[in-house]
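Just below is one structure, and these are the notes that go with it.
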Amino acid sequence: LMRAWLRECTLEHEKCDQRRSAEDFLPSRLLDIGISNDQWTLRTAEDVKKEPHQRYVALSYKRGDYRQNFLTESTYPSFEAGISSSKIPILFKDTASVSRFMVIRYLWIDSMCILQDSTEDWERESAAMCDIYANADFVVSASWAKDPTCSLFPENNM
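Residue numbers for the sequence shown follow UniProt numbering, beginning at 1 and rising by one.
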């Protein structure tokens, strides 16, 4: 059903088709979630633009008190080398599962794609958030979840 909705959106909605035609915009960084759950890799827009199928999913969520696995100057090298899925909270993993189901390889999550300890990076990237969400193939909204430790699927939170 989700694939049918996305296909209808891109084929029959003029504004959606125009957005997808404007291949210029990508967030500065995206998470390459690959085809399995094993490892995620932080990629720059320049690297991603070299590949076909530059589609991505964005996640909207509440951080709550969760303060682990944020992108910082000190964690940047490990994010580029690859983050083990065992260190990724369930909400992010669930979103990656949805993205993979939709055959979309890249994911944008603010806390993992914006340097959290750089005012300059935060200001530049937060100014682009409207474009980030507008240009995503779709946005997963977990507005009910108190933080990333909650599953995207409510029955898993019991």
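Glycine included, C-beta positions come from ideal geometry on N, C-alpha and C.
Here's the rule I'm using: 16 or more other beta-carbon atoms within 10 Å means buried, otherwise exposed. How should residue i be labelled?
| i | result |
| --- | --- |
| F92 | buried |
| F153 | exposed |
| S99 | buried |
| I83 | buried |
| F79 | buried |
| E125 | buried |
| P27 | buried |
| P148 | buried |
Whose C-alpha, out of the options, is nearest the C-alpha of residue i?
| i | options | result |
| --- | --- | --- |
| A96 | L31, P27 and F25 | L31 |
| K144 | Y76, L59, E123 and I35 | Note on identity: in this sequence residue 144 is Trp, with Lys being the wrong assignment. Among Y76, L59, E123 and I35, the Cα nearest to that of W144 belongs to L59. |
| Y56 | S85, L71, F138 and P154 | F138 |
| I35 | C150, Y61, V103 and R124 | V103 |
| C150 | D47, Y66, L42 and K49 | Y66 |
| S74 | D117, P52, R105 and Y106 | D117 |
| E155 | Y106, D94, D131 and L107 | D94 |
| S141 | S28, K49 and R63 | R63 |
| N135 | L42, E120 and Y106 | Y106 |
| residue 164 | T41, D24 and D131 | Here the chain has residues from 1 to 158 only, and residue 164 is not among them. |
| K50 | I33, D24 and Y61 | D24 |
| residue 167 | A81, K146 and Y133 | Nothing can be reported for residue 167, as the shown portion of the chain is limited to 1 through 158. |
| Y61 | R29, D131 and P89 | P89 |
| A45 | R29, P52 and S85 | R29 |
Give the secondary structure of residue i by DSSP, where H, G and I count as helix, E and B as strand, and everything else as coil.
| i | result |
| --- | --- |
| D32 | strand |
Whole-angstrom Cβ separation of residue i and residue j, contact assumed at under 8 Å?
| i | j | result |
| --- | --- | --- |
| L71 | M129 | About 15 Å; that fails the 8 Å criterion. |
| L115 | W108 | With 8 Å as the limit, L115 and W108 do not qualify as a contact, their Cβ atoms being about 14 Å apart. |
| Q39 | V48 | Contact doesn't hold; Cβ gap of about 17 Å is too wide. |
Compute the minimum distance between the beta carbon of residue i and the heavy atoms of the ligand ADP, and state whether it is under 7 Å.
| i | result |
| --- | --- |
| S36 | Of the ligands one can find in the structure shown there are none, so the ligand ADP has no counterpart to examine. |
Give the list of continuous alpha helix (DSSP H) stretches no shorter than 4 residues that lie fully inside the UniProt domain "Heterokaryon incompatibility" (56-148). With a minimum length of 4 residues, the continuous alpha helix (DSSP H) runs that stay inside the UniProt domain "Heterokaryon incompatibility" (56-148) are 76-81, 90-101, 110-113, 119-127 and 129-135.
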